[in-house]
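Novice:
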Amino acid sequence: MRTFLLRRLAAVPLTLAGVSVLVFLATDVLPGDVGRTVLGREASAEAVAQYNHRLGLDDPLWLRYGRWLGHFLTGDWGTSYTLGEPVAGLVRDRLAASLTLAVFAFVLLVPVALGAGLLAGSRHDTWLDRAVSGVGLALGAIPEFVTGVVLLVVFAVQLHWFPVSAQPAPGDGPFAVLARLFLPALSLVLLCTGYVARHVRASTIAVVDGGYVRAARLRGTPPARILARHVLRNATVPAASALGVQLQFLLGGLVVVELLFNYPGLGALLLQSAVDRDVPTLQATAMVLGLAYLTVTLLADITYRLLDPRVRLAVPA
Amino acid sequence: MSAGLLVEALSAAYGPATVLREVSFAVAPGETFGLVGESGCGKTTLGYLLGGHLRPGGRHAGGRVTVDGVDVLALDAAALRRWRRGGIAFVHQDGAGALDPTMRIGAQVAEVLRLRGLGRRAAAAEAVGLLDRVGLPGGAARRYPHQLSGGQRQRVMIAAVLAARPRLLVLDEPTTGLDAATQAEVLDLLARLRAELSAAVVLISHDLELVGRHCDRVGVLYAGRLVESGPAAEVLADPAHPYTAGLLDSAPRRGVPRTVRRLAAIPGRPPLPGDPVAGCVFAARCPVADSACAPAEPAPADLPGGRAVACVHPRTAPRRRAETAVAVPAAVPVAEPLLEVHDLTRAYAGTAVLERVDLTIGRGEVVGLVGESGSGKTTLARAIAGLHPDGTGRLRFAGADLPARLARRDPDVRRRIQMVFQDPDTTLNPAQTVRRILERARRTLGGEPDVDTLAARTRLDGELLDRRPDRLSGGQRQRVAIARSFAGRPALVICDEPVSALDVSVQAAVLEVLAEQRERTGTSYLFISHDLAVVGYLADRIAVLYRGVLVEQGPAHAVLAGPHHPYTAALVGAGRPAPPALAPAAGCRFFAACFRRIEGLCDTTAPPDTQLGPRHTVRCHLDPAALPRTDSITSISITSTSNTSISSTSIGGVPA
Amino acid sequence: MTARVSAAVILLWAAVALLWPHLVPHDPALQDPALRFRPPGPGHWLGTDQFGRDVLSRVLAGARPVLLVAPLATALGVLAGTIVGLVSGTVRGWFDDIVMRVLDAVVVFPTVIAAVLFIALLGRSPLVVVLVVGAAFVPIVARSVRAATLVEREKPYVDAARLRGEPLPSLMAREILPNIRGTVLVEATSRLGDAVFAAATLSFLGLGQPPGSPEWGAAVSDNRVWLQVAPWTVLAPALAIGSLVVAVALFSDALRHRLEAAR
């Protein structure tokens, strides 16, 4: 377990370095002439060259990467081209907003997905199982902006239960904030439930049909005790890794949902800065999202290993 | 109210397919009843049904199961649950499957006690005591199943049985998959358990010999019918049903080579559940069936001596006892070496799997390699074949160096070493027809004239050629695999457990095909098996592998009869399992389990190879005169030579 | 049953993508300010949008971009992924190690972020979407094909082929590939579902076709400001996407079940 942790932690800087190279290359090499973009079509060639030189944009690639990475690591993330404010503060605020949404969605997701999976798995091959599995499969295939639109039309436009926009208004109480976040979170949950529930269902079936549950039945163990002592834990352990995968999905889905619901999060910022070619903002946003992504993957792996004694106590090979 | 287990006309079905048909037998408290049969005969379904359990889709189709007067199948769900807590206990083949991987074993035993009404504390304490009694002392209760060996897991299951104190104990292949020494320990423990509980015991097994040794009475199941039952010793010595006789004649016996007694396979294959049956279900495969067998299924009829048989012509099947009288060979002719293995070492993830193995296979010689699972048999086979090249040591083939890596071998040499694998389900490419498989092998190996000849030589029916492997039986697939390995002109064929996945009645046919191919071509075999009886049937010489070390090799008869290595003695069945000790870092690997170990020597110094006779060496510290012998092997050979032989015409060919 | 219905839906949309010029009741690009925001009714069965364009016609015309991009991206990803996975799994050794490390690094990078980065900077065109989505599939397909290859490779029939000296291409093409085609087929159908998903999402994010295209995702995105005024303009393309992705997902699932049952 400890060697596993060390190995995984050692891999994090490596992967981050890879992410940083990719982000840098994509944002530095591809966007063309920054001076021309910033100064506009009318500016003279000398002015553009001077601008580029002042920003160090005519230095060799490796030097620019080193400088950029140095700045990034020391917290100097530059100033947004379009918004004019420091990128660090901007990204921090947006990250907080995105995390609120993601955590809310995750808190909704876990009980719904585990419940659906356990229900379908323990009622294996009944109409209930088929219904839960089929609906989960269908919902998991539909992009979140499609479910989001349907939710908006039904619950916001027709029924007026929830606001159309998730953008926080001044003076919102905590309840109002959650009400605003409910529809965006729900569209993410609907997307992810099917996948997690399918894993829980499969492992529940494996456990229920498996040797030790049969052995417990043959010893005359009451069904409630079998469920509590044997099925619950064994069936939900594999779900941890499925949940980890879905957290990554959630992060990706933020871009879409934040755009649809006008929510000022990191995903919306990523898209906006990419469209605007706001390079410092784009770089910082991509790096922070990449880091969040890696953290989530790592946490999911560790949780999975903590839950399963076979892995936790495995003799290192 | 009768004590013990009473099964009356019990039937069960899956959908329209009958899997059990009117099975009746009784087991008194303290008595052990053995149920024998091949895979698919319904024995596991029967075992479960004794506890009122059926797998999904199964249906109780009539009859009664009574345990100490309780009509088990008439109980409702809640009553059944209450009855099970003290009424019945199971021990299955795979102890790992029956244990919850996320619970400590102490808690799992305690759970059984809690069901019997003990408090949490008392149950935990009692569980530790029970685990101690089955040889898992002290801190073992806090371990998880994956931290235990297969034998230890079976001990946990036995502790759970002790906790339940059932009236009926069902043992379903309890030792299958365990190595010989562990098997003996577990069986020993089960015998003590039976004495203590005075429960009725049903032992389900495919292993006739095991049932014969451990049961008072036996029943033989065929296609869901109990075709014969009676006292174990008498049924096995003098079978009344032709199927029982066929099973006995197709099973090799320890220490009896092919030159003494040839195996007879039962032709055909058992009907699948749901196949239409008219008359006797065994008639299609029966050597004595006639028109009298066709009209109706024979009902079990009582014979004298507490026996019963369901056959129109009981006790008429010809028996095959001995064929050729063979004296114990004085000296094995020294064959010119074909393959030499020198100082071969192989490791997986830092653990030595093979350690300094020296082995020679002569031209035309069959060398049998025995050892328990995990002893390195397959690694040795794959190393010789070039499929496991990483490690040290030298290989020589036909007088020239043989590179370890397959890709470095000369194509001509490579074609001359072929392999037959264990698992019939994966040995053939499922995407190709038999004809294509053999055609491809013939073309790349550059040998036999045509596919039909190849098939005929392995007794494969021509109509099978255009089928894909999934439409063949296990025995047929293995025969295709043999045909494939003989598609060129192999000098050495490595057979890695070729029959261990097959039922007894089928395995004989495969062994016969292998024997015939060898007689026809003079090919050498390295024949690997965990089963000494199977190895002894074909091998000229036998090598014994224990945890990567070749502890003994020599002429087959000499190795089996002794004087031999204490481990070989344990395999042959003579050695008593020793109380376990910690394995030493240096010294003999068998030290911990050896009943003849010398403390202070065997645990510190690696044993030398001692020459016992011509080409017979033992790696042991014991003085040759002190090495164990196994007299029963010698006596089997001697009695079998004095037996009257059945004329060879009645043996005929091995059915395809 | 499910398989048949979902296959019918997929085929229906494929036919629409191919034949929409003959099927549309109106020119999907024709603007008429007088017809702004007509609710669904006779003449305009799904209503009209802010420019007075016929929503039904635009939905029918919007099928083509998705059904062009998604299969191409799938084909690219599955083909390249199968080759990489098959070779890597058969050859093993250092080659396999390097390939897997590279794929691990690629798969760890969130697809949406990568797609946004690349498309925003390379410019939007169907070709870029095909390349980005297809490239994102390569590691996914390669991993599962490699896993299936490793399972097959350990089987004795492959050992037997090696023992008789079958060359590497023959080993892969004759022995392994025919026995992992189920995995490849399931990968292809699941990736097709993902590709429709991805193409629609990228279009919604404004990273697909140039503006003005009737593409479904872009239509949802363009009209969402009118959600409260004319919900049909958003619902119609959204439900079109939904019907296609659900059909592909159910078909893929039914196929997987059938292959597993056959095993």
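Chains as they are written, first to last, in my numbering: chain A, 1 to 317; chain B, 1 to 656; chain C, 1 to 263. Every residue gets a Cβ at the ideal spot worked out from N, C-alpha and C, and that includes glycine.
#1: Just verifying my parser: in three-state terms, what is the DSSP assignment at residue 196 of chain B?
#2: Tell me whether the beta-carbon of residue 117 of chain B lies closer than 8 Å to the beta-carbon of residue 80 of chain B.
#3: Counting only C-beta atoms, is residue 211 of chain A closer than 8 Å to chain B at any point?
#4: Just reading off the alpha helix (DSSP H) that residue 343 of chain B is part of, what are its end residues?
#5: Can you list the residues of chain B that residue 308 of chain A reaches, using a CB-CB cut of under 9 Å?
#6: So, using beta-carbon positions, are residue 226 of chain B and residue 25 of chain B closer together than 8 Å?
#7: With 9 Å as the limit, tell me which residues of the segment 224 to 245 of chain A have their beta carbon closer than that to any beta carbon of chain B; keep them in chain order.
#8: At 4 residues or longer, what runs of the alpha helix (DSSP H) sit wholly inside the segment 254 to 310 of chain A?
#9: For residue 117 of chain A and chain B, any beta-carbon pair shorter than 8 Å?
#10: Counting contacts by CB-CB distance shorter than 8 Å, is residue 130 of chain A in contact with chain B?
#11: Using the rule of at least 16 other Cβ atoms within 10 Å of the residue's Cβ for burial, across every protein chain shown, is residue 232 of chain C buried or exposed?
#12: Just to make sure I have the definition right: I need the residues of chain A whose C-beta is within less than 7 Å of the C-beta of residue 290 of chain C. Which are they?
#13: Express the C-alpha separation of residue 505 of chain B and residue 247 of chain B in angstroms, rounding to a whole number.
#14: Are the CB atoms of residue 436 of chain B and residue 513 of chain B within a distance shorter than 8 Å?
#15: What number of angstroms, rounded off, separates the C-alpha of residue 233 of chain B from the C-alpha of residue 212 of chain B?
#16: Which chain C residues are close to residue 142 of chain A, counting only those with a beta carbon under 7 Å from its beta carbon?
#17: Should the segment 126 to 141 of chain C be regarded as contacting the segment 345 to 361 of chain B, the criterion being three or more beta carbon pairs within less than 8 Å?
#18: Return the Cβ separation of residue 381 of chain B and residue 526 of chain B in integer angstroms, given the expectation that the two are a contact with Cβ distance under 8 Å.
#19: In the DSSP assignment, the beta strand (DSSP E) including residue 188 of chain C goes from what residue to what residue?
#20: Any C-beta of chain C sitting closer than 8 Å to the C-beta of residue 460 of chain B?
#21: Rounded to the nearest angstrom, what separates residue 110 of chain A and residue 117 of chain A at their Cα positions?
#22: Please report the Cβ distance between residue 217 of chain C and residue 203 of chain C, rounded to the nearest whole angstrom; I am assuming they are in contact, meaning their Cβ atoms lie under 8 Å.
#23: So, is the C-beta of residue 315 of chain A closer than 8 Å to a C-beta in chain C?
#24: With C-beta atoms as the reference, is residue 243 of chain B less than 8 Å away from residue 220 of chain B?
#25: Closest Cβ-Cβ distance between residue 258 of chain C and chain B: below 8 Å?
#26: If the criterion is Cβ atoms closer than 8 Å, does the pair residue 196 of chain A and residue 235 of chain A meet it?
#27: On the three-pair Cβ rule with 8 Å, is the segment 74 to 89 of chain C touching the segment 142 to 149 of chain C?
#28: For chain A, check one thing: does any of its Cβ atoms lie closer than 8 Å to the Cβ of residue 46 of chain B?
#29: The beta strand (DSSP E) with residue 613 of chain B in it runs from where to where?
#30: Just reading off the alpha helix (DSSP H) that residue 157 of chain B is part of, what are its end residues?
#31: In whole angstroms, what separates the C-alpha of residue 165 of chain B from that of residue 119 of chain B?
#32: Indicate whether residue 559 of chain B and residue 549 of chain B have their beta-carbon atoms separated by less than 8 Å.
#33: Between residue 518 of chain B and residue 538 of chain B, what straight-line distance do the alpha-carbon atoms span, to the nearest angstrom?
#34: Applying a beta-carbon distance threshold of less than 8 Å, which residues of chain C neighbour residue 419 of chain B?
#35: Would you mind telling me which residues of chain C sit closer than 9 Å to residue 415 of chain B, beta carbon to beta carbon, in chain order?
#36: At 4 residues or longer, and completely inside the segment 527 to 597 of chain B: list those alpha helix (DSSP H) runs for me, N to C.
Specialist: From the atom records:
#1: Here residue 196 of chain B refers to the residue found at position 196 of the second sequence. In the structure shown, residue 196 of chain B sits in a helix (DSSP, three-state: H, G or I).
#2: As a working note, residue 117 of chain B is residue 117 in the second sequence. As a working note, residue 80 of chain B is residue 80 in the second sequence. Not in contact: residue 117 of chain B and residue 80 of chain B (Cβ atoms no closer than 8 Å).
#3: Start at 1 with the first residue of the first sequence, and residue 211 of chain A comes out as number 211. So yes, residue 211 of chain A belongs to the interface.
#4: The residue you call residue 343 of chain B lines up with position 343 of the second sequence. Run containing residue 343 of chain B: none in the alpha helix (DSSP H); it sits in the beta strand (DSSP E), 337 to 348.
#5: Here residue 308 of chain A refers to the residue found at position 308 when the first sequence is read from its first residue. Under the 9 Å cutoff, chain B gives 101, 102.
#6: Within the second sequence, residue 226 of chain B is the residue found at index 226, counting from 1. Within the second sequence, residue 25 of chain B is the residue found at index 25, counting from 1. Yes, they are a contact pair.
#7: 225, 229, 230, 233, 234, 237
#8: 266 to 276, 279 to 307
#9: Along the first sequence, one-based indexing puts residue 117 of chain A at 117. Output row for residue 117 of chain A: interface = no.
#10: Start at 1 with the first residue of the first sequence, and residue 130 of chain A comes out as number 130. Not one chain B Cβ lies under 8 Å of residue 130 of chain A.
#11: On the third sequence, position 232 is the one that residue 232 of chain C refers to. It counts as buried.
#12: Past the edges of chain C, shown from 1 to 263, lies residue 290 of chain C, and the structure says nothing about it.
#13: In the second sequence, counting from the first residue as 1, residue 247 of chain B sits at position 247. In the second sequence, counting from the first residue as 1, residue 505 of chain B sits at position 505. For residue 247 of chain B and residue 505 of chain B, the distance between alpha carbons rounds to 6 Å.
#14: Sequence index remark: in the second sequence, residue 513 of chain B carries index 513 (1-based). Sequence index remark: in the second sequence, residue 436 of chain B carries index 436 (1-based). Their beta carbons are not under 8 Å apart, which means residue 513 of chain B does not touch residue 436 of chain B by this criterion.
#15: Numbered from its first residue, the second sequence carries residue 233 of chain B at position 233. Numbered from its first residue, the second sequence carries residue 212 of chain B at position 212. One C-alpha to the other measures close to 6 Å.
#16: As a first step, residue 142 of chain A must be located in the first sequence, where it is residue number 142. Result: 242, 245, 246.
#17: no
#18: By 1-based counting over the second sequence, the position of residue 381 of chain B is 381. By 1-based counting over the second sequence, the position of residue 526 of chain B is 526. The pair is a contact, with the Cβ atoms about 7 Å apart (cut-off 8 Å).
#19: Looking up residue 188 of chain C in the third sequence gives position 188. Premise fails: residue 188 of chain C lies in the alpha helix (DSSP H), 181 to 204, not in any beta strand (DSSP E).
#20: On the second sequence, position 460 is the one that residue 460 of chain B refers to. False, the Cβ-Cβ gap to chain C never drops below 8 Å.
#21: Here residue 110 of chain A corresponds to residue number 110 of the first sequence, with the count starting at 1. Here residue 117 of chain A corresponds to residue number 117 of the first sequence, with the count starting at 1. Their backbone Cα atoms lie some 11 Å apart in a straight line.
#22: On the third sequence, position 217 is the one that residue 217 of chain C refers to. On the third sequence, position 203 is the one that residue 203 of chain C refers to. Indeed, because the Cβ distance is near 3 Å, the residues count as touching under 8 Å.
#23: Here residue 315 of chain A refers to the residue found at position 315 of the first sequence. The predicted model places residue 315 of chain A with a pLDDT of 45, which falls under 50 and marks its position as unreliable; any figure quoted below should be read in that light. With 8 Å as the cut-off, residue 315 of chain A does not count as an interface residue toward chain C.
#24: By one-based count along the second sequence, residue 243 of chain B stands at place 243. By one-based count along the second sequence, residue 220 of chain B stands at place 220. Yes, they are a contact pair.
#25: Position 258 of the third sequence, counting from 1, holds the residue named residue 258 of chain C. Chain B, which has no Cβ nearer than 8 Å to the Cβ of residue 258 of chain C, makes this no.
#26: Taking the first sequence and counting its residues from 1, one reaches residue 196 of chain A at position 196. Taking the first sequence and counting its residues from 1, one reaches residue 235 of chain A at position 235. Contact: no.
#27: yes
#28: As a working mapping, residue 46 of chain B is identified with position 46 in the second sequence. No - not a single Cβ of chain A is within 8 Å of the one on residue 46 of chain B.
#29: To locate residue 613 of chain B, count along the second sequence from 1; it is residue 613. 609 to 613 is the span of the beta strand (DSSP E), which, as asked, contains residue 613 of chain B.
#30: The residue you call residue 157 of chain B lines up with position 157 of the second sequence. Residue 157 of chain B -> alpha helix (DSSP H) spans 150 to 164.
#31: Taking the first residue of the second sequence as 1, we reach residue 165 of chain B at position 165. Taking the first residue of the second sequence as 1, we reach residue 119 of chain B at position 119. Taking the straight line from one Cα to the other gives about 17 Å.
#32: The count along the second sequence starts at 1 and reaches residue 559 of chain B at position 559. The count along the second sequence starts at 1 and reaches residue 549 of chain B at position 549. No; because the gap between Cβ atoms is not below 8 Å, this pair is not in contact.
#33: Position 518 of the second sequence holds residue 518 of chain B. Position 538 of the second sequence holds residue 538 of chain B. Computed Cα separation, rounded: 10 Å.
#34: Along the second sequence, read from residue 1 onward, the residue named residue 419 of chain B stands at position 419. Within 8 Å Cβ-Cβ: 156, 159, 160, 163.
#35: Position 415 of the second sequence holds residue 415 of chain B. In chain order: 163, 164, 165.
#36: 532 to 538, 556 to 561, 566 to 572
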